[in-house]
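Peer 1: Take this structure first; my questions come after.
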Amino acid sequence: MDSISQVIHDCETCAAIKQAKRVKPLWYGGRWSKYKYGEAWQIDYITLPQTRQGKRYVLTMVEATTGWLETYPVPHATARNTILSLEKQVLWKHGTPERIESDNGTHFKNSLINNWAREHGIE
Numbered sequence: 478m479d480s481i482s483q484v485i486h487d488c489e490t491c492a493a494i495k496q497a498k499r500v501k502p503l504w505y506g507g508r509w510s511k512y513k514y515g516e517a518w519q520i521d522y523i524t525l526p527q528t529r530q531g532k533r534y535v536l537t538m539v540e541a542t543t544g545w546l547e548t549y550p551v552p553h554a555t556a557r558n559t560i561l562s563l564e565k566q567v568l569w570k571h572g573t574p575e576r577i578e579s580d581n582g583t584h585f586k587n588s589l590i591n592n593w594a595r596e597h598g599i600e
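Residue numbers for the sequence shown follow the numbering used here, so the first one is 478 and each next one is one higher.
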């Protein structure tokens, strides 16, 4: 094996990308097929190194029928920041969804989020 091939062969990132290409996306068919574009979203927080602006978390919002990704950086993963992120990145850009699915973390499942979702008719 020449040196470039060996580097690619030994690269963990390359192997992960190759494996990911074999897996169908979460939004592929199945339970999401009954929704139209913008009606269903999946959300979760990821943690990154803190920015100069003090933002350490990013809310990822994936449109369930297409896999379209929206992101919004925030300093803390809180219910208030979740609502702010959803309003700016989902509701204002794509309309009010019927359903938002999360991993049920405390920043997603609480009275503030529940009241906000109910007021907007979101399941």
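Heads up, the beta-carbon is just placed ideally off N, CA and C, and yes, glycines get one too.
With DSSP run on the structure shown, which of helix, strand or coil describes tryptophan 593?
Peer 2: Judged by DSSP in its simplified three-state form, tryptophan 593 adopts helix.
Peer 1: Going by CA-CA distance only, name the one from Arg595, Thr543 and Ser510 that's closest to histidine 571.
Peer 2: Thr543
Peer 1: How should glutamate 540 be labelled, buried or exposed, when 16 other C-beta atoms within 10 angstroms of its C-beta is the threshold for buried?
Peer 2: Counting Cβ neighbours within 10 Å, glutamate 540 comes out buried, since at least 16 surround it.
Peer 1: With a threshold of 16 other CB atoms inside 10 Å of the CB of glycine 515, please say whether the residue is buried or exposed.
Peer 2: buried
Peer 1: If contact is defined by three or more beta carbon pairs under 8 Å, each pair taking one atom from either stretch, is the stretch 525-540 in contact with the stretch 561-580?
Peer 2: The stretch 561-580 is in contact with the stretch 525-540.
Peer 1: In the DSSP output, which residue or residues are listed as bridge partners for tryptophan 518?
Peer 2: Answer is Glu540 and Ile577, bridged to tryptophan 518.
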